[in-house]
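Enquirer:
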Ligand SMILES: [Zn+2]
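In our numbering, the protein residues as written are 171 to 527.
1) Rounding to the nearest angstrom, what Cα-Cα distance links residue 290 and residue 330 in this structure?
2) Output the distance between the C-alpha atoms of residue 375 and residue 350, rounded to the nearest integer angstrom.
3) Quick one: is the Cβ of residue 208 within less than 7 Å of any heavy atom of ligand 1?
4) Inspect the beta-carbon positions of residue 379 and residue 352 and report whether they are closer than 8 Å.
5) Name the two residues that bound the continuous alpha helix (DSSP H) containing residue 439.
6) For ligand 1, which residues have a Cβ under 6 Å from at least one heavy atom, in chain order?
7) From the DSSP output, in three-state form, read off residue 468 for me.
8) What's the C-alpha gap between residue 578 and residue 431?
9) Determine the extent of the alpha helix (DSSP H) in which residue 354 is found, giving its start and end residues.
10) Using only alpha-carbon positions, find the residue among 387, 445, 207 that is nearest to residue 428.
11) Is residue 303 near ligand 3, with its Cβ less than 7 Å from a heavy atom?
12) Using a 10 Å radius around the Cβ and a threshold of 16 neighbouring Cβ atoms, would you call residue 597 buried or exposed?
13) Tell me the residue span of the beta strand (DSSP E) that contains residue 197.
14) Using the C-alpha atoms, what's the distance from residue 312 back to residue 294?
15) Is residue 207 buried or exposed, if buried means 16 or more other CB atoms sit within 10 Å of its CB?
16) So what does residue 390 bridge to, in DSSP terms?
17) Please work out which residues of its chain come closer than 6 Å, Cβ to Cβ, to residue 220, disregarding the five sequence neighbours upstream and downstream, and give them in chain order.
So, in structure tokens, the structure goes:
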């Protein structure tokens, strides 16, 4: 043994070197319990490479994967009075705030950013679940109002990305008043004729799902995420009935009409680009030539702007359908509702062509 431990082991050590091996190189998937190498996981946008389970992702990573080339500029959120109720439970609310601020490096649970998605100007208001469970207090409400104002100013689409346990109880009624405030903020965007899309992520619950998060022109959701108002256990105890399995998941909400599309993280940017181009039809890039989702930009002699716009809309519809089919989703966008009523003319013909294609 002496020869082994005194000679061989030091030799091997000198060859291999005494590098510090970081401990948490591997992570267990909470769904399939498969082991995941952290680098693979990061490259796969925190989606399990074995079963496709979507783990939580940091807010910076989420914004980077949504915007074109990961580029965006932060929009400052106005300051609000901190702890106006001087609330205290086991701990003072101001101390909780300070802890969350030092942990996340952010002022509160929302980030507002402006950039482009598929070339379309877009404002994203994203919740930071790491900040007190993404709870909605005055600062978050203020953030959503600022996001809506910015969208209107910049003539941009608004995308809300909730990840929240609901209203922030430490702010009592002040947090509840954010529900109507955010609803009015969203209405501002709609009044300006701009698209408002919600990307529901895990979890979207409580006061958040009871306000702006359920008012989108389109509701997208991440696979498997929890969407609801009260939790399953609370409902079961109240109505004294067993709830179906999969209740309050993204897929369940889609099958019951609350969600339009369940989109995996890999397809998120492409899907958002397509949908935004469709909704903001002035932005559609209509390439010449044939192929799925391609229309003709050659309007010829009668190439009035209306005809061009109509063609662009129909090309967008075809493109959106192609995307949806690729995703294997059984979702049918209502073509009629997506087509501006005053641009019928050429569209009906194009639609027939789309339908027969
Ligand atoms: Zn897994």
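No residue lacks a Cβ here, since even glycine has one placed at the ideal position from N, Cα and C.
Predicted model only: the values in this text are computed from it and were never measured.
Expert: In this structure, then:
1) Going from the Cα of residue 290 to the Cα of residue 330 covers about 16 Å.
2) Taken atom to atom, the span from the alpha-carbon of residue 375 to that of residue 350 is near 16 Å.
3) Result no, Cβ not under 7 Å from ligand 1.
4) For the pair residue 379 and residue 352, the CB atoms are not nearer than the 8 Å cut-off.
5) Counting along the chain, the alpha helix (DSSP H) containing residue 439 begins and ends at 435 to 449.
6) Around ligand 1, the residues whose beta-carbon falls short of 6 Å from at least one of its heavy atoms are 199, 201, 202, 204, 218, 220, 221, 223, given in chain order.
7) Low per-residue confidence applies at residue 468: pLDDT is 37, beneath 50, and the placement is therefore not dependable enough to give any value.
8) The question about residue 578 has no answer here: the residues shown for the chain are numbered 171 through 527.
9) For residue 354, the enclosing alpha helix (DSSP H) begins and ends at 348 to 361.
10) The candidate whose alpha carbon is nearest that of residue 428 is 387.
11) The model on display carries ligand 1 but not ligand 3.
12) With the chain covering only 171 through 527, there is no way to say anything about residue 597.
13) First-last of the beta strand (DSSP E) with residue 197: 196 to 198.
14) Per the coordinates, the alpha-carbon of residue 294 lies some 14 Å from the alpha-carbon of residue 312.
15) Residue 207 is exposed by the Cβ-count criterion.
16) Within the DSSP secondary-structure output, residue 390 pairs in a beta bridge with 369, 431.
17) Result list for residue 220: 202, 204, in chain order.
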